[in-house]
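To convert, take the position in the sequence shown, counting from 1, and add 1; that gives the numbering used here.
For glycine and all other residues, C-beta sits at the position ideal for the given N, C-alpha and C.
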Amino acid sequence: MAHEPLRLRERGAEVLGPEELNLDQAARRGFVTRVRDLLPAATPQERGDALVSAVQKENGAVARAIAEYGGIEDHKLVLALGQCIAFDVPEVVPSLIAAGVDRDSPENHYDAPPIVLAADRGRVSIVRDLLAGVDLQRRDKRGRNAIAAARDRGQTEIVRMLQAAGATARTPAAIAKATRQKLAAGARSTWAPQLGGTAATGDASRFGLPSLRSNEGWPACGDCRAPLTFFVQVDLSRTPKAAREVFGVGLLQLFHCTACNPSHPFSSGHRVRIVDPADAVTDATKPKGAHVLPERPITGWARAVKDYPCREADESALLPEERAVVFTLNRQGDKLGGWPNWVQDPDYPRCPHGGHRMTQPVLQIDSHHGVAHMWGDNGVGFIVQCPQHRDAVTFLWQCA
Ligand SMILES: [Zn+2]
Ligand SMILES: [Zn+2]
C-alpha cells in the first residue's frame, strides 16, 4: 500500500505521494509528518495559510502541529481561531492560545470578537478555553457581548459559564436609560393633547370645524379649487407657558386638500396660518361640498414629557445597542413641540423670509389620532415654524 502511489506514477497516473506535496497541500490532506518536514523552510505566511487550511479541513492534528511550531503571521492566527469556531474544531484552540493569538480581535471574517462568536455558535469548550484571557464586554456589530449573544441563541450552559466569570449584559431598561442620559442635552419638552367629547366653540383648540375671521370665506385649494378640509386649530395663548414662550400666541390653523393631498411644504393645497389674537373669529359653517372631519375638542395638554430626536440625534457617543433604541425615545402620536417623529430623513423647510431652516416643530399630527385621517401609508404630518419669524409656519407630511 505504501508503494502504491509510486507504482501508479510510473504508469503515468497523476497521484502525488506525501513527499511531493507542498505545505498547504499536505496540511489539507492531513499528512502530519510531511507538514513537520516542510515547516522549517516555510515562510510565516505559508505556515499561516497551511494552518487555516488544516482547520477548514478539520485536520486538528496537523493544525496543532503548525500552531505549536510557531512563526506564523498574527492575522492568520486570528483567522484560524475564527475558523476553529465556525468549523467546530475546538482541539486546536489551546495551541492557538499558546502561540499567542489575539483572543479579542474581530478580524476573522465574522466581524465578531471570538468569545461572542463562540457564544453565538454554542461552542462550549471554546468559550471555556477563551474565557480567562478575553474582554467579556467586547461586542459584535449588532451590539451584543458574549452573554447577550448566548442568551439570544438560548445557549444556557454558556450563559451560566459567562455569568460565573462575571460577564453581564445590560437590561433593555438600562440601555434606554443610558441612551437618554447621553442625549440629555438635546431633549425637549413635548405635550400631548387631551381630547374631550363635547363640541367646542370660538377660538377653542380642536380638530373638526374651524373658526374663521368674520370677514373671510372658507379657504379653497389653490390647485383643484375645492374647499379645503379643516384639520386642526390650536389656541397657542392657552398652551403651557413653556410652549407659548417658544411658539408665541394666536390661533394656529391647518387646512389641507384631501383630494390633492400634497405632502411638500408651502403647497397651494394647504393653508397654515396663525390668526392674530386681536382678530375676532366666529364659528364657521360648513360650505357645500366641503369634507368635514369628526369634531374632537382639545380640552388641555398633558403634563410635559421629555422627547428625544429621531434620525437627527448626535449618535457619536452611543454604543451600537444604544443606537438601536434611539427611535423608541421619540414620542409618537399627536404632540405639541418636541422633536418630529420623522418617517424619512429630517426635512425642515426653508423660511420664506431669508432661506434659513424652519427647525421649530409646533404640532405633530399623526395618522388616526386626534384626526380621522391617514397621511399616505400611516404617515405623520408636521406643522413647523421659523425660530426667527413666528408668522412663518408651514405643513408637510411623510410616510414610509
Ligand atoms: Zn386640491
Ligand atoms: Zn425665518
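Cβ shell of residue i (< 7 Å), same chain only, five flanking positions each side left out
| i | result |
| --- | --- |
| Phe-88 | Val-56, Gln-57 and Glu-59 |
| Arg-30 | Leu-22 |
| Gly-144 | Leu-320, Pro-321, Glu-322 and Ala-325 |
| Thr-360 | Tyr-349 and Pro-388 |
| Met-2 | Caution is warranted here: a pLDDT of 44 is assigned to Met-2, below 50, making its placement in the model unreliable, and the coordinate value is therefore given only provisionally. Cβ neighbours of Met-2 beyond the five flanking positions: none. |
| Pro-228 | Trp-219, Ala-221, Pro-288, Gly-290 and Ala-291 |
| Pro-295 | Gly-209 and Ala-373 |
| Gln-333 | Asn-342 and Asp-367 |
| Cys-407 | Residue coverage of the chain in this structure runs from 2 to 401, which leaves residue 407 outside it and unanswerable. |
Neighbourhood of residue i by C-beta distance below 6 Å, restricted to the same chain and skipping five residues each side
| i | result |
| --- | --- |
| Ala-98 | What sits at residue 98 in the sequence shown is Ile, not Ala. For Ile-98, where only same-chain residues beyond five positions count, there are no Cβ hits under 6 Å. |
| Ser-106 | Val-79 |
| Val-135 | Arg-104, Asp-105 and Ile-116 |
| Pro-91 | Ser-126 and Ile-127 |
| Ser-215 | Ala-281 and Thr-283 |
| Ala-166 | Leu-132 |
| Arg-312 | Trp-343 and Pro-347 |
| Arg-140 | Asn-146 |
Residue burial classification, residue i (beta-carbon count within 10 angstroms, cutoff 16)
| i | result |
| --- | --- |
| Asp-112 | exposed |
| Lys-336 | buried |
| Asn-379 | exposed |
| Met-375 | exposed |
| Pro-41 | exposed |
| Ala-174 | exposed |
| His-110 | exposed |
| His-240 | The sequence shown places Thr at residue 240, rather than the His named in the question. Answer is buried; the Cβ neighbour count reaches 16. |
| Cys-225 | exposed |
| Gly-371 | buried |
| Glu-47 | buried |
| Val-385 | buried |
| Asp-25 | buried |
| Ser-317 | exposed |
| Gln-254 | buried |
| Asp-121 | buried |
| His-369 | exposed |
| Arg-272 | buried |
| Pro-194 | buried |
| Gln-164 | exposed |
| Thr-230 | buried |
| Gly-382 | buried |
8 Å CB neighbourhood of residue i in its chain, flanking five on each side removed
| i | result |
| --- | --- |
| Leu-52 | Ala-28, Ala-64, Ile-67, Ala-68, Ile-73, Lys-77, Leu-78 and Ala-81 |
| Ala-100 | Ala-68, Glu-69, Gly-71, Ile-73 and Leu-78 |
| Met-162 | Val-125, Val-128, Arg-129 and Leu-132 |
| Gly-249 | Leu-237, Ile-275 and Arg-391 |
| Lys-183 | Ala-318, Leu-319 and Glu-323 |
| Trp-302 | Trp-192, Ala-193, Pro-194, Gln-195, Thr-240, Pro-241, Ala-244 and Leu-337 |
Short CB-CB distance (under 7 Å) between residue i and chain C
| i | result |
| --- | --- |
| Phe-328 | Going by chain labels, chain C is absent from the structure shown, which holds only one protein chain. |
Restricting to runs no shorter than 3 residues, where is the beta strand (DSSP E) found entirely within the stretch 329-386? 336-338, 361-367 and 381-386
Check whether the stretch 283-291 touches the stretch 305-316, taking contact to mean three or more Cβ pairs, one atom from each stretch, closer than 8 Å. When Cβ pairs closer than 8 Å are counted between the two stretches, the stretch 283-291 is seen not to touch the stretch 305-316, the count staying below three.
Taking any heavy atom of ligand 1 as the mark, which residues have a C-beta closer than 5 Å to it, listed down the chain? Cys-222, Asp-224, Cys-225, Cys-258, Ala-260, Cys-261 and Gly-270
Segment contact, 8 Å Cβ cut-off, at least three pairs: the stretch 173-183 with the stretch 267-279: no
Within the chosen definition, does the stretch 361-381 reach the stretch 234-248 through at least 3 CB pairs nearer than 8 Å? By the C-beta criterion, the stretch 361-381 is judged to be in contact with the stretch 234-248, since at least 3 inter-stretch pairs fall below 8 Å.
In chain order, what are the residues with a CB under 7 Å from some non-hydrogen atom of ligand 2? Cys-352, His-354, Gly-355, His-357, Met-359, Cys-387, Gln-389, His-390 and Ala-393
Ignoring anything shorter than 4 residues, give me the alpha helix (DSSP H) runs that lie fully in the stretch 154-178, in order along the chain. 157-165
Three or more beta-carbon pairs under 8 Å between the stretch 324-341 and the stretch 181-197, yes or no? yes
May I ask you to verify whether the stretch 383-399 touches the stretch 346-357, counting CB pairs closer than 8 Å and requiring at least 3? Put simply, the stretch 383-399 touches the stretch 346-357. At least three CB pairs are less than 8 Å apart.
For the stretch 201-271, which segments carrying the alpha helix (DSSP H) assignment without a break, of at least 4 residues, lie completely within its bounds, in sequence order? 242-248
Runs of alpha helix (DSSP H) wholly within the stretch 20-52 (minimum 4 residues, chain order): 24-30 and 33-39
Curious, which full-length alpha helix (DSSP H) runs of at least 4 residues does the stretch 69-112 contain? 75-87 and 94-99
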